[in-house]
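S.K.:
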Amino acid sequence: MINLKDKVAVLTGGGGGIGRAAAEKLARQGMYVVLLGGNNHDKLEQTRQLVEKYSRCLVLPGDLTDLDFIAAGVAEIIRICGRSDVLINNAGVAQNTPFEKVSAAEYDRIMAINTRTPFFLTQQLLPFLKKSDAATVINIASVVGHAGYPLQSVYTASKHALLGWTKSLARECYRDNIRVHAICPGGVYTDMVKLSRPDLTGEGMIMPEEIAEIIMFFLANRGNAVIDEILVHRVNKEPFLV
Ligand SMILES: NC(=O)c1ccc[n+]([C@@H]2O[C@H](COP(=O)([O-])OP(=O)(O)OC[C@H]3O[C@@H](n4cnc5c(N)ncnc54)[C@H](OP(=O)(O)O)[C@@H]3O)[C@@H](O)[C@H]2O)c1
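By my numbering, the letter at position 29 of the sequence shown is numbered 30, and the numbering carries on one by one without gaps.
Structure follows, in C-alpha cells:
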C-alpha cells in the first residue's frame, strides 16, 4: 500500500458530484488536494471547507477549456505545492440534444471539456508525474465510452475518444511508472444527471462516494496487476443501461 500522505492530487470538477466525493476521500488520506478549474466559486468553496477538515487544499477556479488557463494553473500548482503525484480528470459536461440539432458550438464545447482538456492537462503535468513514486492519472469516462445513448451523440463520442487516448497513454507511460486508468460509471446521482436526465429520481442509482471509493482503490493498489479500466454498472440494470 502506498502512503498517500502529503502527495499532491490535482482534481478537476471538484465543485460537486463525483469530484467533491473524491476530494474528501483524498483529503482523508492526508493528500494535498488541488481543485483545478470550475466556474461555480460557492461550490468550490464548499469542497475546500470539506477538504480542510482533514488536509490542505489549493483552489484554482477557471475555465479548463482555455489552454492558457491550464498552463498557468500547472505553473501555479508547482510553484505552491512543489510537486504533482496524482491527476484525476473528472470535469465534464453531458448533453440532451437530438442529433439533428447539435450545433458546431455545442460539439466543440463538449469535446473541449470532456476530451481535449484532460489530454492537454495530462500533457502539462506529465514531467512532474514522472518524478513521483505514486504517479497516477485517472480519467473519469463513462459507460457511454462503450455504449451509445440517444440524444447524447457528442457526449458519447467525447467519452469514446477519452477512453481511446487513455489506453494509448497507459502503454506509453508504463516505463515511467505512471499508472493510467479509466473509470466508466453508469448513472451516478449528481447535478449532471439531475439536469440531463430529469426523468431519473436517483432511486437505485450509483452514489458519487462509490466512484470515489474506486478512485482510492486505484491509488492504493500499485502492485504488478495493472487495472486499465473499471466499468461500474447499476445493480438493478442491464450492463450499459443508465
Ligand atoms: N453522473 C453520471 O451519471 C456520470 C456517469 C458517467 C460519467 N460521469 C462523468 O463524471 C464526471 C463528473 O461528473 P458529475 O456527475 O460529478 O457531474 P457534475 O457535478 O456536474 O460535475 C461536473 C464538473 O465539471 C466542471 N466543469 C464543467 N465544465 C467545466 C469547464 N469548462 N471548466 C472547468 N470545470 C468545468 C463543473 O464545474 P462548474 O459547475 O463549476 O462549471 C463540475 O464541477 C464527468 O466527467 C462526467 O461525464 C458522470
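Even for Gly, the Cβ is constructed at its ideal location relative to N, Cα and C.
Which residues does DSSP list as the beta-bridge partners of His182?
M.R.: DSSP output for His182 lists Ile139 as bridge partner(s).
S.K.: Quick one: residues in its chain with C-beta nearer than 7 angstroms to the C-beta of Gln125, no 5 flanking neighbours on either side, listed in chain order?
M.R.: Excluding positions up to five away in sequence, the list reads Ile71, Ala72 and Val75.
S.K.: Does DSSP classify Thr13 as helix, strand or coil?
M.R.: Here Thr13 sits in strand by DSSP.
S.K.: Between the Cα of Glu137 and the Cα atoms of Lys6, Val87 and Thr98, which residue gives the shortest distance?
M.R.: It should be pointed out that residue 137 corresponds to Thr in this sequence rather than to Glu. The shortest Cα separation from Thr137 among Lys6, Val87 and Thr98 belongs to Val87.
S.K.: Under 9 angstroms, do Val189 and Glu214 count as touching if we go by C-beta distance?
M.R.: No, they are not a contact pair.
S.K.: If you run the structure through DSSP and keep just helix, strand and coil, what is Gly146?
M.R.: Helix at Gly146.
S.K.: If contacts are defined as beta-carbon pairs under 8 angstroms, then Thr157 and Gly18 qualify, I think. What distance do you get, rounded to the angstrom?
M.R.: The Cβ separation is near 19 angstroms, so there is no contact.
S.K.: Bridge partners for Glu230 per DSSP, in chain order?
M.R.: Partner(s): Ala183.
S.K.: Should Arg172 be labelled buried (16 or more other beta-carbon atoms within 10 Å of its own) or exposed?
M.R.: Its Cβ having fewer than 16 others within 10 Å, Arg172 is exposed.
S.K.: Just to check my reading of the structure: Gly93 and Ile141 have Cβ atoms closer than 8 angstroms, yes? What is that Cβ distance to the nearest angstrom?
M.R.: The Cβ separation is near 7 angstroms, so the contact holds.
S.K.: Name the DSSP beta bridge partners of Cys58, please?
M.R.: Answer is Val34, bridged to Cys58.
S.K.: With DSSP collapsed to three states, give me the class of Ile3.
M.R.: Looking at Ile3 - three-state DSSP - the assignment turns out to be coil, as it is neither helix nor strand.
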